[in-house]
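Protein sequence lines, in the order shown, are assigned to chains A and B. Taking numbering that gives the first Met the number 0, the leading residue of the first sequence gets 0, the next gets one more, and so forth. Taking numbering that gives the first Met the number 0, the leading residue of the second sequence gets 0, the next gets one more, and so forth. This report concerns only the one structure given below.
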Amino acid sequence: MNKTPSRKALFVWLGACVLFAVVATSLSAAHRNTGYVRDEGIYFDASRTYARWVELAKRDPAKAFTAKVRDRHFAPNHEHPALMKIVGGVAARSLGSSPATKHEPARSGVMPEGAAMRLPAQLLAAMATAVLFVAGFRRSGVMGGLLAAGAFILLPRVWFSAGLHAFDVPVAAMILAVVLAYRRSLQSAAWGVAVGVLLGIAIAVKHNALFVGPLLAVHYYGNLLYDRARLGIAAPRSTWCPLPMVSMATLGPLVALALWPWLWTDPVARFTEYMEFHSQHSWYNMEFLGVNFNQPPMPWTYPWVLLFATVPMAIWAGGLIGAIWGARAELTHAPQATPAPETATFLRPRTLPSRDTLLWILFATFPIALISLPITPIFGGTKHWITAYPFVALLLVEAWARIWPAAQLSARRRQWMQPLALVLLLGPAALSVRNNPNLGLSQFSPAVGGPRGAATLGLGRGFWGHAVLPLLPALEQRKVFMHDVHELARRQYEREGRWPGGASSVPLSQSNAGLLFHELHMTTDEVRLWNRFGPAPSQVLELDDVPLTSLYGAAEP
Amino acid sequence: MSPQFARWALMGLATVGVVEGGLALRSYRTAIADQDWSEASQAIEAAEFDTARLAHRWLGPRARLEAGAMARPSVAAAADLHGITTLGVLGYDGARWSDALEVELDGRRRPNLVAEQHFGGLTWSEYTFVPGQRTLADWTETPPTLSSDEGICKRRGTWKCKNAIARLEFAEVDYQPRRCINITPDDGASITLRQEDMPLGSRLRGHIGFSDFNARLRSDAPVRVRARIEGQRVADFVVSDTQGWRAFEIETAGGQGAVELELLSPVRGTWGRTGYQARGNRTVCVELRTVEDEL
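Printed below as a string of structure tokens:
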């Protein structure tokens, strides 16, 4: 094959665009059948308020930008940055249907309001998949590209979170963008500026991005120290504080501040409050190997075991091989033709190789290591280290890129072996998403036996009260104890006409039906339901035989 | 890296993929068909047993939905495996026993497996304890009278005392459902549960625990327990919430007698990040049975 570079570049971008379209469309279509998680209910509500402010800012900027009006609109859910909620709200106003309220008239759109609010996060997930395809392609051709993309979006937990109006996959996508931009910024002044802007956007998505700047600094200065200590190559003074670092330190906070109007009134006090909220985060309940934990320290093994239990082994084992092999090569081999380090400048600070594998390792392990620290509050599920997964995918590609040439197989053999290997590596993850694309939060890897194996081991099988859609028709005309379904999520079903007719949400003592989302610490609520309705449920929603949600109550209203 | 090593690595990854793909095909599907549940529930309803258990707790909701016998209080929220002779166990994928059942034995010898039936993914196993035991009296079926240091508690469904409230109900103790007399005393209250002419059998066996999860988060105060038979103190111990479902046993010499449990509760409260906080109620879950050994 003798392709010109321009044709190759065109192919890469075309492939990325196709992948972007396929992933975005699939996420949007599949997640119409995913129930609204607790947090989404709150974000939907906040998004509507934020979008009303955007509307006001267009109509009457003088009024909208006053501190009083701004604060009134951005006070709801101000413990998280506003960006995803603003774009979610704007997407809902542009594309979603909504009923008339006391604030606004009815709007007809092309999709339900909740689906429209979820769209920006889904587009970011699709973007991350496409970017991974490009990065993988550049490292190891089409197969490398598909491997990187698939090893991210086909992880059941990623697929699930990617469809929600939440911040976890969006921040993972943005951190990936920042890290890749940082790589380019080492040789490009334009990217040197862009990396600061992208970091600001990432911080405006979720607080995980606050760690990115320091981690990139560790990588950059680690490289400089290593060059000096092991290779005897000293960096010129102009690269000691280069453009990417300056950009991230200045543009990053400014962009983040610009995208979060809540902070504008009193930036220092409100940012401090935000930091305190997350460092003093309330302790969630997590079942781990049959034990309920609600006070730190969680066992340090928790995220590592959950990584094993939720990410197919073929992916993380491949990533591990890529990490070891790549890091060894980067740390032991001196650059073959050493570029003149003195040509490095403030604008283009690095002429030596940037040691990408070490960068991927840093970002793949840091989020998991952080959660495993005994001082870290119990934040909850796997979504809290989801930012590691794009880099696990890149490490897998690193293994792929090194294994095939080293194996010295004939081109003919590689022709059939590579697609087969791709299917074997991504197959288990794809099967897991195909099994149920809407209950990924309760999905576990084949190595632990899927949902049944995980339930037997005593691993938490879900939270967030979203596994309810198939039970909704049975709630018609009932007075329902909603358990873990957030009232704002319930109202969203109602806004979209999905809430069963005549059903009302009431306390357990007034109910004639009740939901229970199975978690170990929810046994307290389970016995309350038993005391009212008896121990036999009337319906059970299962994933591969494992009960996720039970409905209690009389068969007829 | 040598070509040989790279080929081994490639083969290793491919093998992981093949094995995991096979496991995925096995894991990501329903293994217990509706028909299995239907047949198993018929077998359970037809079987004779003192109580039944699950080898896998996650089978519970569906088992209680499908088989009425599994939803009986004495099955769904039983205290332990004492005071019975025959036992049925429902498991998945050939499982006949579990670690949780081992805990429930609490010193008793494991029963003998006498029959086993398979219904697709489900297994129903029947056991007999040798020697057997039977339950002569059970406070969750024949409740005692309650009184506090401020007088007799009146019962209309719920017991109402001047300084406590109590119910016979399901309660969560140590993340397990239990059937018990669930008492919420005021600070410093002393509550007495008393049954006249209770058959005494071979021993009295009971449990004390704190319910529920939220209450335990807010109050760690222990409770002092004193047991008397015919006015004679036969046990005196302290139970804290870290002990979970705390069992106690009192040897008896048969016959009948007045049995009394006195619960003494000190001030409530807990130590947290901000120091001591005198808040939150404790709710004490109590069950007591008379067990007789069969010869």
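Each residue gets a CB set at the ideal place from its N, CA and C atoms; glycine is no exception.
* Residues near Met0 of chain A in its chain [Cβ-Cβ closer than 7 Å; skip 5 each side] -> Because the pLDDT at Met0 of chain A is just 45, under 50, the model does not fix this residue reliably, and the value given afterwards should be weighed accordingly. Same-chain partners within the cutoff: there are none.
* What is the DSSP secondary structure of Ala343 of chain A, reduced to helix, strand or coil? -> coil
* For Ser1 of chain B and chain A, any beta-carbon pair shorter than 9 Å? -> yes
* Asked: Is any beta-carbon of chain A found at less than 9 Å from that of Gly20 of chain B?
  -> yes
* Under a CB-based cut-off of 9 Å, is Ile43 of chain B close to chain A? -> no
* Helix or strand or just coil, what does DSSP make of Val53 of chain A? -> helix
* How about Ala23 of chain B and Gly449 of chain A: do their beta carbons lie closer than 9 Å? -> yes
* **Member of A:Leu440, A:Pro469, A:Val479, A:Glu486 whose CA lies at the smallest distance from the CA of Glu518 of chain A** => A:Leu440
* Spatial neighbours of Ser364 of chain B within its chain, please: CB distance less than 7 Å, with the 5 preceding and 5 following residues excluded, ordered by chain position. => With chain B covering 0 to 294 only, the question about residue 364 of chain B has no answer from this structure.
* To do: Quick one: grab the DSSP three-state call for Arg264 of chain B.
  => The displayed chain sequence assigns Ser, not Arg, to residue 264 of chain B. Residue state, collapsed to three classes: coil.
* Asked: So, Gly200 of chain B versus Thr141 of chain B, is the Cβ gap smaller than 9 Å?
  -> no
* From A:Leu358, A:Ser5, A:Leu430, pick the residue whose C-alpha is nearest to that of Val217 of chain A; which is it? -> A:Leu358
* Could you check what DSSP says for Gly87 of chain B in three-state terms: helix, strand or coil? => strand
* To do: Please state if the CB of Ala512 of chain A and the CB of Ala473 of chain A are separated by a distance shorter than 9 Å.
  => yes
* Arg567 of chain A: buried (16+ other C-beta within 10 angstroms of its C-beta) or exposed? -> Residue 567 of chain A falls outside the range modelled here, since chain A spans only 0 to 556, and no answer is possible.
* **Buried versus exposed call for Thr522 of chain A [16 or more other C-beta atoms within 10 Å across all chains shown]** => buried
* Can the beta-carbon of Ala363 of chain A be found less than 9 Å from the beta-carbon of Ala387 of chain A? -> yes
* Exposed or buried, Trp299 of chain A, counting other C-beta atoms within 10 Å across all chains shown (16 or more means buried)? -> exposed
* Asked: Are the region 105 to 117 of chain A and the region 26 to 43 of chain A in contact at 8 Å, needing three or more beta carbon pairs?
  -> yes
* Distance, Tyr42 of chain A Cα to Ala120 of chain A Cα -> 12 Å
* Asked: How would you call Pro302 of chain A, buried or exposed, if buried means at least 16 neighbouring beta carbons within 10 angstroms?
  -> buried
* Asked: Based on the DSSP output, what are the partners of Ile164 of chain B in its beta bridges?
  -> B:Lys159, B:Thr183
* **Contacts that Glu259 of chain B makes with chain A (C-beta to C-beta distance below 8 Å)** => Residues of chain A passing the Cβ test: none, with the nearest at roughly 27 Å.
* Cβ contact (3+ pairs, closer than 8 Å) linking the region 51 to 64 of chain A and the region 143 to 161 of chain A -> no
* Asked: What residue ranges within the region 44 to 80 of chain B form continuous beta strand (DSSP E) runs of no fewer than 3 residues, ordered along the chain?
  -> 50 to 53
* To do: Taking all protein chains shown into account, decide if Glu103 of chain A is buried (16 or more other Cβ within 10 angstroms of its Cβ) or exposed.
  => exposed
* Asked: Nearest CA to the CA of Phe128 of chain B: which residue from B:Thr282, B:Leu112, B:Gly119?
  -> B:Leu112
* **Cβ-Cβ distance between Cys179 of chain B and Ser218 of chain B below 9 Å** => no
* Does DSSP classify Lys123 of chain B as helix, strand or coil? -> Per the sequence shown, the amino acid found at residue 123 of chain B is Trp instead of Lys. The answer is strand: DSSP assigns Trp123 of chain B an E or B state.
* To do: Check whether the Cβ atoms of Tyr126 of chain B and Val102 of chain B sit closer than 9 Å, and answer yes or no.
  => no
* Does any residue of chain B bring its CB to less than 9 Å from the CB of Asp167 of chain A? -> no
* What does Leu430 of chain A reach in chain E if we use C-beta pairs closer than 8 Å? -> Absence of chain E from the displayed structure is noted, the protein chains being A and B.
* For Phe48 of chain B, decide whether its Cβ has a neighbour in chain A, counting only Cβ atoms nearer than 9 Å. => no
* Just checking my contact of Ala428 of chain A with Pro311 of chain A at CB under 8 Å: how many whole Å lie between their CB atoms? -> 5 Å
* Note down, in chain order, each residue of its chain lying with its Cβ closer than 6 Å to the Cβ of Ala66 of chain B, except the 5 sequence neighbours on either side. => Ser40, Ile43
* Comparing the C-beta of Ser93 of chain A with each C-beta of chain B, is any distance below 9 Å? -> no
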